[in-house]
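Notes follow the structure.
2 protein chains.
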Amino acid sequence: MKALEEKIRKEGKILPGNVLKVSSFLNQQIDVPFMMEMGREIAGRYAEEGVTKILTVESSGIAVAMAAAVPLGVPVVFAKKTDKNHRTGRVLCAEVASYTHGGKHFVEVDAAYLSPADRVLVVDDFLACGNAMVGLIDLIKQAGAHFVGAAVAIEKRYQGGGDKLRAEGMRIEALASIASVDPEAGIAFC
Amino acid sequence: MKALEEKIRKEGKILPGNVLKVSSFLNQQIDVPFMMEMGREIAGRYAEEGVTKILTVESSGIAVAMAAAVPLGVPVVFAKKTDKNHRTGRVLCAEVASYTHGGKHFVEVDAAYLSPADRVLVVDDFLACGNAMVGLIDLIKQAGAHFVGAAVAIEKRYQGGGDKLRAEGMRIEALASIASVDPEAGIAFC
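Which chain is which? The protein sequence lines are G and B, in order.
All the letters of the first sequence, read from the start, carry residue numbers 213 to 402 under our numbering.
All the letters of the second sequence, read from the start, carry residue numbers 213 to 402 under our numbering.
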C-alpha cells in the first residue's frame, strides 16, 4: 500500500536499536481517516474468504482491527495480555515469547467469543518475530475455529516471523513490508 | 440511547459484587456496527464543539473512541496505563486512583500529541467513580489544551463520578446511565 509506505517515510522515526516508531499515526495517536483506509484495504484482500470474526490483541491492534471490521461487517474480539496462564474451560490462553522484554507472557480470550463455526482473520498493527501472531493463532486452534489468515499494517520482514508462517502455508498479508531500517540509510521497503 | 439500554438488558450479565459485564459487545468482543452507531451518537452530541482530537485510555476505550472519531473526522490519542510516573518534558503523566484494585496507577501520553491548540473530547467505555476520567482531564490540562467534555458508553451513575464532574461545570454525556444493578431486581436506568 503506497500511501502507507509514504506515511512511514514521512512520519516514522528511527530510534536507537533500529526501532521504528510510528506512534504519530498508528499507535498512541491514530490518524483515523487513514486508519479506515487501511481497514478497507485489508477488507478488500479478504473479501472472498467468508470472514466471520476478527481477532486482535490489546492495545494497539484494536484500532486496525476496528477499521477492517467496519467494511467486513464482522465483530472484533481482542485478546488480553496477562502475566499468568489463566486457561480454564471458559478462558482460552496461549503463551507468547516476548522478543523485546526477553521473558514471556500470555494472551487470553473468553472462550464464548470464538467458536468452531468462526472463520477468523487475525489483524494487528505490527508483525516482527511473529510471537504474538503465533499466540493468537493458537487461541483460534484451541477454540476449534478456522484461521483464515492474517493482515498487519507493517511487517518488519527482516525479523522473519511472517515468512516462517507463510512457509507453513498460512496467508499473511502486510500493507507495508520493511526490508531494513537504518538510522543513516533510512527505511527500505520490500 | 434506547438501543444501548436494550442491548445492556439483553446481553449484560450481573456478576458477584454487582459488577455489570458487557464484554459480549463493548469490550473483549466488539459489536462493530453497533459500536459505530454509538460513535455517531457521540459525534452528534458534540458536533458543534469544534473538537480537534479525541483522548481515551487503553484498552477498552479505543474502540468507542475510534467509532466517535470517524464521523467527527479527528485523530484519536490513547493514553497508556503504567505503574510508574514517567513524567518528563516529553511525557505527560497523571495519577489514577484505582477503585477496583485499591492501589493507584498512572496514565501517560506523549506530549507531542496534545497541544494548546487542541479542543479535546474524552471518550471511554465506562464511567463509574471517575478516577480514570479525572486522570485524562489532568493530561489535557498539563498540555494546555481545552477540555471540551466527555462521552462514555455507560455511566454507572450510582458511583457518583460523573455527577461530581458535572458539579464542577464539566459536560459529561453518557449513552446509557445506570441507576442501580442488582442480581434480583436487574438493571435500572436513570
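Beta carbons: idealized from backbone N, C-alpha and C, even for Gly.
- At a Cβ-Cβ threshold of 8 Å, T264 (chain G) and D350 (chain G) do not count as neighbours.
- At a cut-off of 8 Å, the C-beta of V364 (chain B) has no neighbouring C-beta in chain G.
- Our two residues, E260 (chain G) and H298 (chain B), have alpha carbons roughly 46 Å apart in a direct line.
- The distance from the Cβ of S327 (chain G) to that of A357 (chain G) is about 6 Å, consistent with a contact at the 8 Å cut-off.
- A distance below 8 Å separates the beta carbons of G342 (chain B) and K376 (chain B).
- Going by C-alpha positions, R302 (chain B) is about 15 Å away from L227 (chain G).
- In this structure, the alpha-carbon of V269 (chain B) lies about 16 Å from that of K296 (chain B).
- Out of B:G373, B:Q241, B:I384 and B:V244, the CA that lies nearest to the CA of A309 (chain B) is found in B:G373.
- Nearest Cα to F338 (chain G) within the set G:F359, G:Y370, G:V321 and G:V332: G:Y370.
- Chain order gives the chain G residues near V289 (chain B) as Q240 and Q241, where near means a beta carbon separation below 7 Å.
- In this structure, K368 (chain B) lies near A340 (chain B), with their beta-carbon atoms less than 8 Å apart.
- Here DSSP, grouped into helix, strand and coil, assigns E261 (chain B) to coil.
- A distance below 8 Å separates the beta carbons of L333 (chain G) and G361 (chain G).
- Beta-carbon to beta-carbon, V282 (chain B) and M248 (chain B) are separated by about 7 Å, close enough to satisfy the 8 Å threshold.
- Assignment of Q240 (chain B) by DSSP, reduced to helix, strand and coil, places it in the coil class.
- According to DSSP, K293 (chain B) shares a beta bridge with B:V319.
- Taken through DSSP and simplified to helix, strand or coil, D330 (chain B) comes out as coil.
- According to the DSSP assignment, V234 (chain G) belongs to no alpha helix (DSSP H), since it is labelled neither H nor E.
- I274 (chain B) is a Cβ neighbour of S271 (chain G), given a cutoff of 8 Å.
- In chain order, V269, V308, V319 and D336 place their CB closer than 8 Å to the CB of A344 (chain B), counting only its own chain and leaving out the 5 sequence neighbours on each side.
- With respect to I390 (chain G), I352 (chain G) sits apart: the two C-beta atoms are not nearer than 8 Å.
- In the displayed model, E307 (chain B) falls within a strand according to three-state DSSP.
- One Cα belongs to V244 (chain B), the other to F237 (chain B), and the distance between them is close to 8 Å.
- Leaving aside the five residues that flank I399 (chain G) on each side, the residues in its chain whose CB is nearer than 8 Å to its CB run, in chain order, I220, R221, G224, I226, L232, I390, S392 and V393.
- Per DSSP, E385 (chain G) is one residue of the beta strand (DSSP E) stretching across I384 to D394.
- Comparing alpha-carbon positions, the option among B:V289, B:E218 and B:S235 lying closest to L304 (chain B) turns out to be B:V289.
- Collapsing the DSSP output to three states places V364 (chain G) in a strand.
- With distances taken between CA atoms, A363 (chain B) lies nearest to B:M382 out of B:I242, B:G229 and B:M382.
- According to the DSSP assignment, A355 (chain G) belongs to the alpha helix (DSSP H) that extends over N343 to A355.
- A Cβ-Cβ distance of about 22 Å is found for the pair A280 (chain G) and A306 (chain G), leaving them out of contact under the 8 Å criterion.
- In its chain, beyond the 5 residues on either side, K293, T294, D295, V308 and S310 have a beta carbon closer than 7 Å to the beta carbon of H317 (chain G).
- Within 10 angstroms of the beta-carbon of N239 (chain B) lie 16 or more other beta-carbons, which makes it buried.
- At a Cβ-Cβ threshold of 8 Å, L216 (chain G) and M250 (chain G) count as neighbours.
- In terms of beta-carbon proximity, P228 (chain G) stays away from the interface with chain B, with every pair separated by 8 Å or more.
- In the three-state scheme derived from DSSP, where H, G and I count as helix and E and B as strand, G398 (chain B) is classed as strand.
- At the C-beta level, M213 (chain G) and M278 (chain B) stay beyond 8 Å of one another.
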